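Per our numbering: the sequence shown = residues 45 to 209.
Beta carbons: idealized from backbone N, C-alpha and C, even for Gly.
From a predicted model like this one, the values you see are computed outputs, not experimental measurements.
Report on one structure; see the data block that follows.
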Amino acid sequence: MACIVCGTELKDEEIECPYCGRVDVVVLDEASKAAVTKDAAAYRKAIVDKLKNFTIDAYAYKYDAGQFIEDKKRSIKICDGKDCARSIKWSKESFAQYHEKKNGSLTIHYEMDGQKKRGAFGIAFPDTGDFWKIGLKIGNNLRLQAYVGTEDKYSIVNDVPLSLI
Ligand SMILES: [Zn+2]
Numbered sequence: 045m046a047c048i049v050c051g052t053e054l055k056d057e058e059i060e061c062p063y064c065g066r067v068d069v070v071v072l073d074e075a076s077k078a079a080v081t082k083d084a085a086a087y088r089k090a091i092v093d094k095l096k097n098f099t100i101d102a103y104a105y106k107y108d109a110g111q112f113i114e115d116k117k118r119s120i121k122i123c124d125g126k127d128c129a130r131s132i133k134w135s136k137e138s139f140a141q142y143h144e145k146k147n148g149s150l151t152i153h154y155e156m157d158g159q160k161k162r163g164a165f166g167i168a169f170p171d172t173g174d175f176w177k178i179g180l181k182i183g184n185n186l187r188l189q190a191y192v193g194t195e196d197k198y199s200i201v202n203d204v205p206l207s208l209i
């Protein structure tokens, strides 16, 4: 059976979801079923509201003596959980890369209920000379989806599990 909140497949003996902590409940009638669905939505919202400060590491470069040199690392906040719970939230900043590498990784920092957490995405850099943005969304499965591109043309990077419990 799958967790009613995040869809994680539960083993037979599991009554609590190992990913989101939702305790599985068994009901016998339709009226209770509706109440459980509503309760699951409230459970999701409570988790989303505890997720704050999705922030990525970026590197600023400066042009010095004929070449680009790394200036400083910057933390760029994208949004809180509630901002990206239903639709993609795009970074205000645009990014570019000045090398031929097609893939890299992106470190994301966030807080869950006040605790600092981090995760990493493998990222395929957009094949474009233009600047691009990073978008985040919390999927129906409560995993974090990252997108790269522009608001008109983008691709999903992948799902990253969040540290929820
Ligand atoms: Zn779950």
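_Cys-47: CB within 7 Å of a non-hydrogen atom of ligand 1_ = yes
*In this structure, what does DSSP give as the bridge partners for Ala-46?*
Looking at the DSSP assignment, Ala-46 forms a beta bridge with Glu-53.
*Given a threshold of 16 other Cβ atoms within 10 Å of its Cβ, counted over all protein chains shown, does Gly-148 qualify as buried or as exposed?*
exposed
*Please confirm whether Ala-164 and Ile-182 have their CB atoms less than 8 Å apart.*
Not in contact: Ala-164 and Ile-182 (Cβ atoms no closer than 8 Å).
*Opening and closing residue of the alpha helix (DSSP H) in which Thr-108 lies*: Sequence inspection shows Asp at residue 108; the Thr mentioned does not correspond to that position. Not the alpha helix (DSSP H): Asp-108 falls in the beta strand (DSSP E), residues 95-108.
*Thinking C-beta only, is Ile-91 closer than 8 Å to Leu-150?*
Between Leu-150 and Ile-91, the CB-CB gap reaches or exceeds 8 Å.
_Per DSSP, the bridge partner or partners of Gly-193_ = Lys-177 and Tyr-198
_For Ser-149, the residue or residues it bridges with in DSSP_ = Gly-166
*What is the DSSP secondary structure of Ser-76, reduced to helix, strand or coil?*
helix
*Cys-50: beta carbon under 7 Å from a heavy atom of ligand 1?*
yes
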